[in-house]
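What follows is a set of notes on a single structure, which appears directly below.
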Amino acid sequence: MLGPDTAAYLIVSAFLFATGALGVLIRRSPLIVLLSLEIMLNGANLALIAFSRHFANGDGQIFALAVMAVAASEVVVGLGLIVAMARKKLELDVDKLSSLRG
Amino acid sequence: MTAAAWICLLLPLGSAALITLLGTAVSRRTAGWIATLSCGGAFAAAVVSFVSMLGRSPEDRSELSTAYSWLAAGNFKVGLSILTDPLSMLMMLIVTGVGSLIVAYSLGYMDGDDEERRYFAYMSLFVFSMLMLVQGGNLLLLLVGWGLVGLSSYLLIGFHHERPSAVAAAKKAFVMNAFGDATMAVAFFVLIQKTGSLEFATVFSKAGGLSSTVLALVALGLLGGAVAKSAQLPLQTWLPDAMEGPTPVSALIHAATMVTAGVYLIVRTHPLFELTPHVQEVAAGLGTATLLMAGLIALVQNDIKRVIAYSTMSQIGYMFLGAGIGAYANAMFLLMAHAFFKALLFLGAGIVIHALHGEQDIRRMGGLRRLMPRTWWAMLVGGLALAGMPPLSGFFAKDSILAAALAREDWYGDVLFGVGVAGAFLTGLYTFRMLFVVFGGEQSAYVREHPPHAGDDRLVDWSMGLTVGVLAVLAVLGGWIQFADRWTAVTNFLEPVARSVVEASGTQETVASICAVLLGLTGIGVAWWVYSARRSPAPRSWAVLEHKFYFDELYNGLFYWPAVAWSRILDWTVEGPLVNGSIAGVATATRRTGGLFRALQTGLVRLYAFAVAAGLAVLVLVFIAVR
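Chains A and B are the protein sequences, given in the same order. Using the working numbering, the first residue of the first sequence is number 19, and each one after it goes up by one. Using the working numbering, the first residue of the second sequence is number 4, and each one after it goes up by one.
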């Protein structure tokens, strides 16, 4: 097996995921939240591919491809929403968008 | 024979279904033609069946035809079958013959009504229901027809559903009939329990082995049904209110279908009644009491249709009297004659009402004889037949029933005879009071203001005039098929099914005829003296008659008001606190619990994300720990 072994990939993957999760939890700009989400997805993708290589099984790679496609569509929707919010001159702060409060 | 009987049964049902399914695809008049032709076709089928029956020997004239096994529960089996025998054949001929004439008359009478299609569909259904009742091959199918007749009468009495009084009358008829249905159902349950069957033959053959209590219960149950359907005491109050329906409907209810069903039931199940002579005597007594009471009430009625309605009640009383003393053939003979002249009277009254723009109060009519001579003659024929004047049909039929009462030769028979003869006097009086007030004398103010309009539509005139004409001929000739003691075609025809228990001798026939005709003539004479010649002032009517012997008031007090009061009490004690309270309680509890959980929904997206992440972290920890 060429390159570093699986554990190294998994460490990077966990780091990416944690970074993304932290970003989602602490940042308030919807743009950054969306970006952090993408980082989380990529962390998960990395883990999938690493395991795929580890077990010499192609399934994980297919999964990763599917996740990328989903992520791309999600970004389209998310960015569209953010642009719409900006157009409406709404404040770009997720904490301010709390009209669903019970 | 049987195939034609099936066709006779199914044609009116087909017509009802066809008119309903076609809806607005056919014109109103086409719907009327469909109903008329189907009922006429049913009559033709009945005639074919009748002719083929006459071709057989008298012992071989009963035939049970089963289409398929309808219901099977253990040993209890009921087939969808029709019984074709002389009794059901006679009823089929009456129902379809008079029924199709009435439907044809409706073509003209209902012309231009908004809901003609619905009307004709109901009429066909009514004829089918009655055929189902008389042709049903076992007691269960008879009950099916019985219930369907109740339903169709409800639909037709309430035909003018925009009128509250019509709706109330329809409900009244239905409820009173449902009471009779219930007692009949009880009788059938007892029969199933004790004999394990509802087939006529099986029930009748096993009935002899039953205890007298059981038999009395069964006979009383059947009598309850018969009394309710035939509007006899004490369930008679629905019939006059049923006049809210269109006039041809009244004719159909009174002449061809419905009220005659009770008489048919007693004659059909006569083996059961003969085993319980006391119940049968009760039937005769009820009929006799009804004929007297209805005759008295008819004297003070001012609605032309109600006078005729009470006369029906009275005539059915005679039939019950006949069936109750075991003179089945005579009862059926009067049933047939009555169908002719009562349909004639109703349809004639319909022409009067139609011509006077819907007016039904005889006090506002008068002097119509010159304006409507043909209707006058038709009504006169009907009235004479009703009063039992020779040689019209009522004479032959009614007098033989009175003679049969004499033939009992005990005190009970003599009482029945006496009351029946008194009823003949009342019949002459009230019938000719109506005829003289409506047709005789000077033209009333109302008639002068609203002259009878000449028909501008030939079909309307033809359908109404021709059918009344045919019925007038039948009312004259219909009685000639039997002249008791000399020429007994009806009795002979019915003998294989219902052999009469009492046979009147020639002397008794003569005595009964002379008494009835003399008293009937006296009644007519008094009516002429008071209402036509006006030699003496019309007597003041009595409150007790105006109020129909307070039966409505009694039933209101006994059943209606207690039911209302009880419902009010239940409303206060159960409905309010318990039912409404529990529903309100469930709603309040849900709302309070919801309020508690509302606080969790902060609307902060990051908090939700944190909850998800934390939940995931906990799950991961649990996963590791459990491993």
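In this text, a Cβ means the ideal position worked out from N, Cα and C, and glycines have one as well. None of these values were measured; they are calculated from a predicted model.
Check	Outcome
Please list, in chain order, the residues of the segment 101-118 of chain A that have any C-beta partner in chain B closer than 8 angstroms.	V112, D113, L115, S116, S117 and L118
Kindly indicate which three-state DSSP category E362 (chain B) falls into: helix, strand or coil?	coil
Taking all protein chains shown into account, do 16 or more other C-beta atoms lie within 10 angstroms of the C-beta of N75 (chain A), making it buried, or fewer, making it exposed?	exposed
Are G391 (chain B) and A519 (chain B) close, meaning C-beta to C-beta below 8 angstroms?	yes
Any idea what DSSP makes of F323 (chain B), helix, strand or coil?	helix
Can you pull out the residues from the segment 37-54 of chain A whose beta carbon lies closer than 7 angstroms to at least one beta carbon of chain B?	A39, V42 and L43
Out of curiosity, what's the CA-to-CA distance linking E118 (chain B) and L24 (chain B)?	15 angstroms
Of all Cβ atoms in chain A, is any one closer than 8 angstroms to the Cβ of L607 (chain B)?	yes
List, in chain order, every chain A residue whose beta-carbon is nearer than 7 angstroms to that of A616 (chain B).	A39 and L43
Near G481 (chain B), which residues of its chain fall below 6 angstroms by C-beta distance, leaving aside the five closest residues on each side in sequence?	A340, F343 and S396
For chain A, is any of its Cβ atoms less than 8 angstroms away from the one on A612 (chain B)?	yes
So A234 (chain B) packs on I319 (chain B), CB below 8 angstroms; how close in whole Å?	7 angstroms
Hey, A65 (chain A) and L28 (chain A): beta-carbon distance below 8 angstroms or not?	yes
Measure the beta-carbon distance from V529 (chain B) to L432 (chain B) and round it to whole angstroms, keeping in mind my assumption that it falls under 8 angstroms.	6 angstroms
Which class does L622 (chain B) belong to by DSSP, given the choice of helix, strand or coil?	helix
Have a look at W241 (chain B) and L389 (chain B) and give me their C-alpha separation to the nearest angstrom.	22 angstroms
Take A448 (chain B) as the anchor and find which of B:R366, B:G385 and B:L419 has the nearest alpha-carbon.	B:R366
Need the endpoints of the alpha helix (DSSP H) that A229 (chain B) sits in, please.	S215 to K232
Can you tell me whether DSSP reads L236 (chain B) as helix, strand or coil?	coil
Whole alpha helix (DSSP H) runs in the segment 334-420 of chain B with 4 or more residues, listed along the chain?	371-374, 376-389 and 396-410
Tell me which residues share the same chain as E445 (chain B) and place their Cβ nearer than 7 angstroms to its Cβ, disregarding the 5 neighbours each side in the sequence.	G369 and G370
Touch check for the segment 303-311 of chain B and the segment 235-254 of chain B: three-plus C-beta pairs under 8 angstroms?	yes
Just the Cα atoms here: how many angstroms apart are I356 (chain B) and L14 (chain B)?	31 angstroms
Output needed for S47 (chain A): all residues of its chain with C-beta closer than 6 angstroms, excluding positions within five of it in sequence on either side, in chain order.	L110
Is V42 (chain A) buried or exposed, if buried means 16 or more other CB atoms sit within 10 Å of its CB?	buried
Which residue marks the beginning of the beta strand (DSSP E) containing A75 (chain B), and which one marks its end?	E66 to A76
If you draw a straight line from the C-alpha of T69 (chain B) to the C-alpha of S132 (chain B), how long is it?	18 angstroms
Going by beta carbon distance, what residues of the same chain come within less than 7 angstroms of Y313 (chain B), once the five residues before and after it are set aside?	P243, A297, I300, A301 and Q304
What do you reckon, is the C-beta of L607 (chain B) under 7 angstroms from a heavy atom of the ligand FMN?	With respect to small molecules bound, the structure shown includes none, and the ligand FMN cannot be examined in it.
Does DSSP classify Q446 (chain B) as helix, strand or coil?	coil
So, at 7 angstroms on beta carbons, what are the nonlocal neighbours of R31 (chain B) in its own chain, with the 5 sequence-adjacent residues on each side left out?	E119 and R120
In angstroms with no decimal places, state the Cα-to-Cα distance between I404 (chain B) and W483 (chain B).	16 angstroms
Select from B:S72, B:T205, B:S84 and B:G100 the residue whose C-alpha is nearest the C-alpha of G42 (chain B).	Reading off the sequence shown, one finds Cys at residue 42 (chain B), where the question assumed Gly. Cα-wise, what sits closest to C42 (chain B) is B:G100.
Just verifying my parser: in three-state terms, what is the DSSP assignment at D574 (chain B)?	helix
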